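Enquirer: Taken in order, the sequence shown gives residues 535 to 789; the numbers are from my numbering. Handing you this structure, nothing more for now.
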Amino acid sequence: MLESPIILRRLFSSSSSSAARSYKAVVTRRVAKRPEYKEGDVKPHTVFVPKELPKYPDYKYGEYTTFKKANKALLGGQVINFGKQYSEFGNKSSRTWRVNIQKKKLWSESLEKLIPLTVSTRVLSTITKEGGLDNYLLKDKSARVKELGPLGWRLKFDILSRQATIMRKEAKEAKIEQLSKDEEERVYFKVLIGGEPAKLKVGKRKLLKELFPLAKKNSTNLSFAKFGHTVKNTSVQDVVNRLQEYGYDFSKVRV
(Lines of atoms letter the chains of each structure in order from A and count residues from 1; the text may use other names and numbers.)
(Lines give C-alpha, C1' and ligand atoms only; values in the text may rest on other atoms or scores of the structure.)
Protein backbone atom coordinates (compact mmCIF):
# COMPACT_ATOMS: atom_id res chain seq x y z
CA MET A 1 0.00 0.00 0.00
CA LEU A 2 1.44 3.37 -1.01
CA GLU A 3 1.78 6.05 1.63
CA SER A 4 0.79 9.67 1.09
CA PRO A 5 3.45 12.17 -0.15
CA ILE A 6 3.29 14.02 3.20
CA ILE A 7 4.18 10.87 5.18
CA LEU A 8 6.99 9.98 2.78
CA ARG A 9 8.45 13.47 3.10
CA ARG A 10 8.55 13.12 6.87
CA LEU A 11 10.21 9.70 6.65
CA PHE A 12 12.97 10.85 4.32
CA SER A 13 13.81 14.23 5.85
CA SER A 14 15.28 14.97 9.25
CA SER A 15 14.41 18.68 9.18
CA SER A 16 11.12 20.50 8.82
CA SER A 17 10.37 22.29 5.57
CA SER A 18 11.49 25.91 5.36
CA ALA A 19 7.98 26.76 4.16
CA ALA A 20 6.60 26.01 7.63
CA ARG A 21 5.74 29.28 9.36
CA SER A 22 8.09 29.66 12.32
CA TYR A 23 9.57 32.59 14.21
CA LYS A 24 12.16 30.58 16.10
CA ALA A 25 15.02 32.58 14.59
CA VAL A 26 13.28 35.81 15.64
CA VAL A 27 12.11 35.16 19.18
CA THR A 28 15.06 33.05 20.38
CA ARG A 29 17.94 35.35 19.51
CA ARG A 30 19.49 37.19 22.41
CA VAL A 31 19.06 40.96 22.39
CA ALA A 32 21.26 43.11 24.58
CA LYS A 33 19.23 45.10 27.10
CA ARG A 34 19.98 48.77 27.40
CA PRO A 35 20.10 50.07 30.97
CA GLU A 36 17.58 52.81 31.73
CA TYR A 37 18.85 55.96 33.40
CA LYS A 38 16.80 58.65 35.08
CA GLU A 39 17.44 62.33 35.39
CA GLY A 40 20.07 62.96 38.06
CA ASP A 41 21.75 59.54 37.79
CA VAL A 42 25.54 59.49 37.65
CA LYS A 43 26.73 58.64 34.15
CA PRO A 44 29.03 55.61 34.14
CA HIS A 45 32.34 56.20 32.37
CA THR A 46 31.59 53.28 30.03
CA VAL A 47 28.39 54.84 28.69
CA PHE A 48 28.60 56.80 25.43
CA VAL A 49 26.03 59.55 24.96
CA PRO A 50 25.32 60.19 21.25
CA LYS A 51 25.07 63.77 20.05
CA GLU A 52 21.75 63.12 18.31
CA LEU A 53 18.72 61.05 19.20
CA PRO A 54 18.27 57.84 17.17
CA LYS A 55 16.09 58.28 14.10
CA TYR A 56 14.13 55.09 14.72
CA PRO A 57 12.89 53.38 17.90
CA ASP A 58 14.56 50.10 18.86
CA TYR A 59 13.19 46.93 17.26
CA LYS A 60 12.06 44.65 20.08
CA TYR A 61 13.57 41.49 18.58
CA GLY A 62 16.89 42.99 17.52
CA GLU A 63 18.89 42.20 14.38
CA TYR A 64 19.75 38.86 12.83
CA THR A 65 23.23 37.77 13.92
CA THR A 66 23.62 34.76 11.61
CA PHE A 67 21.48 35.27 8.50
CA LYS A 68 22.37 38.96 8.20
CA LYS A 69 20.81 39.34 4.77
CA ALA A 70 17.44 39.36 6.54
CA ASN A 71 18.31 42.67 8.24
CA LYS A 72 17.98 44.41 4.86
CA ALA A 73 15.02 42.47 3.48
CA LEU A 74 11.41 41.50 4.18
CA LEU A 75 11.58 37.74 4.65
CA GLY A 76 8.74 37.19 7.11
CA GLY A 77 10.97 35.56 9.73
CA GLN A 78 12.33 32.97 7.30
CA VAL A 79 16.01 32.03 7.41
CA ILE A 80 18.21 29.51 5.68
CA ASN A 81 17.90 26.01 7.21
CA PHE A 82 20.24 23.03 7.18
CA GLY A 83 19.43 19.38 7.71
CA LYS A 84 19.76 15.83 6.47
CA GLN A 85 17.78 14.04 3.81
CA TYR A 86 17.40 10.26 3.67
CA SER A 87 16.62 8.26 0.57
CA GLU A 88 14.37 5.23 0.56
CA PHE A 89 17.51 3.06 0.70
CA GLY A 90 18.80 4.77 3.85
CA ASN A 91 21.43 6.96 2.18
CA LYS A 92 22.01 10.21 4.06
CA SER A 93 22.86 13.50 2.37
CA SER A 94 23.09 17.10 3.53
CA ARG A 95 20.26 19.40 2.53
CA THR A 96 19.83 23.16 2.54
CA TRP A 97 16.47 24.92 2.55
CA ARG A 98 16.93 28.41 1.14
CA VAL A 99 14.50 31.31 1.21
CA ASN A 100 12.87 32.09 -2.13
CA ILE A 101 13.90 35.73 -2.56
CA GLN A 102 12.93 38.29 -5.21
CA LYS A 103 13.84 41.92 -5.79
CA LYS A 104 10.80 44.14 -6.31
CA LYS A 105 9.84 47.80 -6.35
CA LEU A 106 6.71 48.21 -4.23
CA TRP A 107 4.56 51.31 -4.12
CA SER A 108 4.01 53.05 -0.78
CA GLU A 109 0.80 55.07 -0.69
CA SER A 110 1.92 57.19 2.27
CA LEU A 111 5.47 57.87 1.08
CA GLU A 112 4.22 58.30 -2.52
CA LYS A 113 7.15 56.48 -4.11
CA LEU A 114 8.34 53.08 -5.26
CA ILE A 115 10.58 51.42 -2.68
CA PRO A 116 13.16 48.88 -3.95
CA LEU A 117 12.97 45.87 -1.64
CA THR A 118 14.28 42.35 -1.31
CA VAL A 119 11.28 40.22 -0.34
CA SER A 120 10.43 36.55 -0.05
CA THR A 121 7.66 35.16 -2.23
CA ARG A 122 5.60 34.42 0.88
CA VAL A 123 5.80 38.03 2.06
CA LEU A 124 5.03 39.26 -1.46
CA SER A 125 1.88 37.13 -1.50
CA THR A 126 0.86 38.48 1.92
CA ILE A 127 1.39 42.09 0.78
CA THR A 128 -0.92 41.45 -2.18
CA LYS A 129 -3.60 39.96 0.10
CA GLU A 130 -3.32 42.87 2.54
CA GLY A 131 -3.87 45.39 -0.25
CA GLY A 132 -0.44 47.02 -0.45
CA LEU A 133 2.85 47.56 1.32
CA ASP A 134 1.46 50.12 3.77
CA ASN A 135 -1.32 47.82 5.00
CA TYR A 136 1.18 44.99 5.44
CA LEU A 137 3.62 47.08 7.49
CA LEU A 138 1.02 48.84 9.65
CA LYS A 139 -0.77 45.73 10.91
CA ASP A 140 -0.32 45.57 14.70
CA LYS A 141 -0.63 41.81 15.25
CA SER A 142 2.27 40.36 17.27
CA ALA A 143 3.03 37.86 14.50
CA ARG A 144 3.32 40.67 11.96
CA VAL A 145 5.74 42.60 14.19
CA LYS A 146 7.93 39.49 14.35
CA GLU A 147 7.80 39.18 10.56
CA LEU A 148 8.88 42.74 9.84
CA GLY A 149 12.50 42.54 10.91
CA PRO A 150 14.70 45.65 11.29
CA LEU A 151 14.00 46.94 7.76
CA GLY A 152 10.24 46.54 8.00
CA TRP A 153 10.27 48.19 11.43
CA ARG A 154 12.04 51.27 10.06
CA LEU A 155 9.71 51.46 7.05
CA LYS A 156 6.71 51.25 9.38
CA PHE A 157 8.06 54.18 11.40
CA ASP A 158 8.63 56.22 8.20
CA ILE A 159 5.06 55.58 7.04
CA LEU A 160 3.52 56.46 10.41
CA SER A 161 5.59 59.65 10.57
CA ARG A 162 4.52 60.62 7.05
CA GLN A 163 0.85 59.94 7.80
CA ALA A 164 1.03 62.06 10.96
CA THR A 165 2.59 64.91 8.97
CA ILE A 166 -0.14 64.73 6.31
CA MET A 167 -2.90 64.65 8.92
CA ARG A 168 -1.48 67.71 10.67
CA LYS A 169 -1.19 69.55 7.37
CA GLU A 170 -4.74 68.70 6.29
CA ALA A 171 -6.13 69.62 9.70
CA LYS A 172 -4.30 72.94 9.56
CA GLU A 173 -5.62 73.76 6.08
CA ALA A 174 -9.17 72.64 6.86
CA LYS A 175 -11.69 75.16 8.15
CA ILE A 176 -14.16 74.49 10.92
CA GLU A 177 -17.66 75.65 10.01
CA GLN A 178 -20.60 76.04 12.36
CA LEU A 179 -23.47 73.94 10.98
CA SER A 180 -25.78 74.66 13.88
CA LYS A 181 -25.65 75.97 17.41
CA ASP A 182 -24.24 72.72 18.82
CA GLU A 183 -22.68 71.17 15.71
CA GLU A 184 -19.37 71.89 14.00
CA GLU A 185 -17.77 70.23 10.98
CA ARG A 186 -14.28 70.39 9.55
CA VAL A 187 -14.36 71.31 5.85
CA TYR A 188 -11.34 70.27 3.78
CA PHE A 189 -12.37 71.29 0.26
CA LYS A 190 -15.05 73.21 -1.58
CA VAL A 191 -15.85 71.65 -4.96
CA LEU A 192 -18.57 71.35 -7.57
CA ILE A 193 -20.68 68.18 -7.59
CA GLY A 194 -23.19 67.98 -10.42
CA GLY A 195 -22.66 71.68 -11.11
CA GLU A 196 -23.58 72.67 -7.57
CA PRO A 197 -21.16 73.84 -4.84
CA ALA A 198 -20.42 71.27 -2.14
CA LYS A 199 -18.19 70.99 0.91
CA LEU A 200 -16.10 67.88 1.61
CA LYS A 201 -15.32 66.68 5.11
CA VAL A 202 -12.52 64.33 4.00
CA GLY A 203 -9.10 64.90 2.48
CA LYS A 204 -7.73 63.94 -0.93
CA ARG A 205 -6.24 60.67 0.34
CA LYS A 206 -9.67 59.44 1.42
CA LEU A 207 -11.16 60.35 -1.97
CA LEU A 208 -8.40 58.44 -3.79
CA LYS A 209 -9.07 55.37 -1.64
CA GLU A 210 -12.71 55.56 -2.73
CA LEU A 211 -11.73 56.03 -6.38
CA PHE A 212 -9.25 53.15 -6.73
CA PRO A 213 -11.68 50.18 -6.45
CA LEU A 214 -14.05 51.88 -8.90
CA ALA A 215 -11.25 52.50 -11.40
CA LYS A 216 -9.93 48.95 -11.00
CA LYS A 217 -13.27 47.47 -12.09
CA ASN A 218 -12.81 49.08 -15.50
CA SER A 219 -9.13 48.12 -15.84
CA THR A 220 -8.12 44.57 -14.95
CA ASN A 221 -4.38 45.31 -15.08
CA LEU A 222 -4.51 48.41 -12.86
CA SER A 223 -2.27 48.09 -9.80
CA PHE A 224 -2.22 50.52 -6.91
CA ALA A 225 1.29 51.62 -7.91
CA LYS A 226 0.12 52.59 -11.42
CA PHE A 227 -2.97 54.25 -9.98
CA GLY A 228 -0.82 56.27 -7.59
CA HIS A 229 1.34 57.54 -10.45
CA THR A 230 -1.64 58.61 -12.56
CA VAL A 231 -3.39 60.58 -9.80
CA LYS A 232 -0.33 61.96 -8.02
CA ASN A 233 -0.74 65.49 -9.41
CA THR A 234 -4.50 65.35 -9.98
CA SER A 235 -6.54 68.13 -8.40
CA VAL A 236 -9.32 67.38 -5.92
CA GLN A 237 -11.94 68.64 -8.38
CA ASP A 238 -10.70 66.20 -11.04
CA VAL A 239 -10.89 63.35 -8.52
CA VAL A 240 -14.47 64.37 -7.71
CA ASN A 241 -15.31 64.47 -11.43
CA ARG A 242 -13.99 60.94 -11.92
CA LEU A 243 -16.01 59.72 -8.95
CA GLN A 244 -19.12 61.26 -10.52
CA GLU A 245 -18.45 59.35 -13.74
CA TYR A 246 -18.56 56.09 -11.77
CA GLY A 247 -21.80 57.08 -10.02
CA TYR A 248 -20.22 57.47 -6.59
CA ASP A 249 -22.47 58.37 -3.63
CA PHE A 250 -21.00 61.51 -2.03
CA SER A 251 -23.34 61.51 0.97
CA LYS A 252 -20.70 60.03 3.29
CA VAL A 253 -17.94 62.49 2.35
CA ARG A 254 -19.81 65.78 2.01
CA VAL A 255 -21.05 68.09 4.73
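Ideal Cβ positions, reconstructed from N, Cα and C, are used throughout, including at glycine. Keep in mind it's a predicted model, so treat the numbers as computed, not measured.
Given residue 636, which residues of its chain have a CB within under 8 Å of its CB, disregarding the five upstream and five downstream residues?
Expert: 652, 653, 654, 655 and 658
Enquirer: Can you tell me which of the three DSSP states residue 790 falls into?
Expert: Residue 790 cannot be examined here, being either before or after the span of the chain that is shown, 535 to 789.
Enquirer: Using 8 Å as the Cβ pair cut-off and three pairs as the minimum, do the region 614-625 and the region 681-696 touch?
Expert: no
Enquirer: Taking residue 643 as the reference, which of 690, 629, 601 and 608 has the closest Cα?
Expert: 690
Enquirer: Measuring CA to CA, which of 640, 674, 650 and 676 is closest to residue 661?
Expert: Residue 640 is the option with its Cα nearest to residue 661.
Enquirer: Starting from residue 620, trace the beta strand (DSSP E) in both directions and tell me its first and last residue.
Expert: Residue range 615-620 is occupied by the beta strand (DSSP E) that includes residue 620.
Enquirer: Work out the CA separation of residue 776 and residue 745 for me, nearest whole Å.
Expert: 8 Å
Enquirer: Per DSSP, which one or two residues make a beta bridge with residue 727?
Expert: 730
Enquirer: Which first and last residues belong to the beta strand (DSSP E) in which residue 721 is found?
Expert: For residue 721, the enclosing beta strand (DSSP E) begins and ends at 718-721.
Enquirer: Hey, could you find the ends of the alpha helix (DSSP H) residue 751 is sitting in?
Expert: 738-751
Enquirer: Among 759, 673 and 736, which residue has its Cα nearest to the Cα of residue 705?
Expert: 736
Enquirer: If you check the beta carbons only, do residue 664 and residue 675 fall under 8 Å apart?
Expert: With contacts defined as CB atoms closer than 8 Å, residue 664 and residue 675 fail to qualify as a contacting pair.
Enquirer: Between the Cα of residue 592 and those of 630, 566, 733 and 610, spot the shortest distance and give me the residue it belongs to.
Expert: 566
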